[in-house]
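A.B. asks: Please see the structure below; I have some questions.
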């Protein structure tokens, strides 16, 4: 398996633009997680899905953020409109049964810069 | 509420030393535990996953143990190398209404000097 695949690896956009981050989980994994990492706040859980259904989105910072999982092999995290404070590295992870019952595998991340 | 503390927050050692990184949890009801490392500017790499039925796991120079009764986990690195320099993370399991997910503390930033 190729692991968790995220795209793009880097994204630079202007304030106010829409940004879409993509993630392909490991085949067969029922859980998908979106994290954001910044120097100030460390790793934060934004939202996670179980069998394509959003379970906990309490970490989504505000209405400008939205996430979807239309099928078991694809998820998107959208920011509209983007702001400079959204600059961070966004990670996607997948898991067979969810922690602590099973381990997580992380993607390489998308480094987002909003100017 | 489950919280994790990693000690030390930062550690700098000369190459070749054996070292110990610690995680402690406020709630000892831990099922499994997964150690990660993160290199600067990179993603998270899984090191070891200790299953609920196990007390420790070993991979090469790494050994991780889990003591559920005390709510502690230890990562032992033998004969440290400069390539071990990274941030080591010991995530905890947040129990929210029966759902399960992984939440991270600040980690231990390790520097191994040649």
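Residue numbers (the working numbering), protein chains in the order written: chain A, 729 to 843; chain B, 37 to 150. Glycine residues also receive a C-beta, built at the ideal position from the N, C-alpha and C atoms.
#1: Restricting to Cα atoms, I'd like to know which of A:792, A:810, A:824, A:772 is closest to residue 739 of chain A.
#2: If you check the beta carbons only, do residue 815 of chain A and residue 757 of chain A fall under 8 Å apart?
#3: Run through DSSP, which three-state label would residue 736 of chain A get?
#4: Near residue 796 of chain A, which residues of its chain fall below 8 Å by C-beta distance, leaving aside the five closest residues on each side in sequence?
#5: Kindly identify the DSSP beta-bridge partner or partners of residue 93 of chain B.
#6: Is it true that the segment 110–126 of chain B meets the segment 50–60 of chain B, where meeting means three or more beta-carbon pairs spaced less than 8 Å apart?
#7: Under 8 Å: do the segment 83–91 of chain B and the segment 786–800 of chain A share three or more Cβ pairs, one atom per stretch?
#8: Mind checking which residues open and close the beta strand (DSSP E) that includes residue 768 of chain A?
#9: Give every residue of the same chain whose Cβ lies closer than 8 Å to the Cβ of residue 843 of chain A, excluding the five residues on either side of it in the sequence, and list them in chain order.
#10: Could you tell me whether the Cβ of residue 833 of chain A comes closer than 8 Å to any Cβ of chain B?
#11: Among A:755, A:771, A:830, whose alpha-carbon lies nearest the alpha-carbon of residue 799 of chain A?
#12: Classify residue 94 of chain B as buried or exposed, calling it buried when 16 or more other Cβ atoms lie within 10 Å of its own Cβ.
#13: Quick one: residues in its chain with C-beta nearer than 6 Å to the C-beta of residue 80 of chain B, no 5 flanking neighbours on either side, listed in chain order?
#14: How close, in whole Å, do the beta carbons of residue 764 of chain A and residue 774 of chain A come, if the pair is a contact with beta carbons under 8 Å?
#15: Just verifying my parser: in three-state terms, what is the DSSP assignment at residue 753 of chain A?
#16: Span of the beta strand (DSSP E) holding residue 82 of chain B?
#17: I need the boundaries of the beta strand (DSSP E) containing residue 792 of chain A, first residue and last residue.
#18: Between residue 820 of chain A and residue 761 of chain A, which are expected to be in contact by the criterion C-beta below 8 Å, what is the C-beta distance as a whole number of angstroms?
C.D. replies: Taking the coordinates as given:
#1: Against the first chain, residue 739 of chain A aligns to sequence position 11. Nearest C-alpha to residue 739 of chain A: A:810.
#2: Residue mapping note: residue 815 of chain A aligns to position 87 of the first chain, counting from 1. Residue mapping note: residue 757 of chain A aligns to position 29 of the first chain, counting from 1. Going by C-beta atoms, residue 815 of chain A is not nearer than 8 Å to residue 757 of chain A.
#3: Looking up residue 736 of chain A in the first chain gives position 8. In the three-state DSSP reduction, residue 736 of chain A falls in the coil class, being neither helix nor strand.
#4: Counting from 1 along the first chain, the entry for residue 796 of chain A is found at position 68. If we look at residue 796 of chain A and ignore the five residues flanking it on each side, its Cβ neighbours are 803, 804, 806.
#5: Counted from its first residue, the second chain places residue 93 of chain B at position 57. Paired residues: B:100.
#6: yes
#7: no
#8: The count along the first chain starts at 1 and reaches residue 768 of chain A at position 40. From DSSP, residue 768 of chain A is part of no beta strand (DSSP E); its letter is neither H nor E.
#9: Here residue 843 of chain A corresponds to residue number 115 of the first chain, with the count starting at 1. So the list reads 740, 741, 742, 743, 812, once near-sequence residues are dropped.
#10: Locating residue 833 of chain A in the first chain gives position 105, counting from the first residue. At least one chain B Cβ lies under 8 Å of residue 833 of chain A.
#11: Here residue 799 of chain A refers to the residue found at position 71 when the first chain is read from its first residue. Nearest of A:755, A:771, A:830 to residue 799 of chain A, Cα basis: A:755.
#12: Working through the second chain from its first residue, we reach residue 94 of chain B at position 58. Label assigned to residue 94 of chain B: exposed.
#13: As a working mapping, residue 80 of chain B is identified with position 44 in the second chain. Correct list, in chain order: 72, 74.
#14: By one-based count along the first chain, residue 764 of chain A stands at place 36. By one-based count along the first chain, residue 774 of chain A stands at place 46. Right, their Cβ atoms sit about 6 Å apart.
#15: Walking along the first chain from the start, residue 753 of chain A turns up at place 25. Three-state result, residue 753 of chain A: coil.
#16: In the second chain, the residue the question calls residue 82 of chain B occupies position 46. Taken as a continuous stretch (DSSP letters only), the beta strand (DSSP E) holding residue 82 of chain B covers 80–86.
#17: Position 64 of the first chain, counting from 1, holds the residue named residue 792 of chain A. Per DSSP, residue 792 of chain A lies in no beta strand (DSSP E) segment and is marked neither H nor E.
#18: Stepping through the first chain from its first residue, residue 820 of chain A is reached at position 92. Stepping through the first chain from its first residue, residue 761 of chain A is reached at position 33. About 7 Å separates the two Cβ atoms, so the contact holds.
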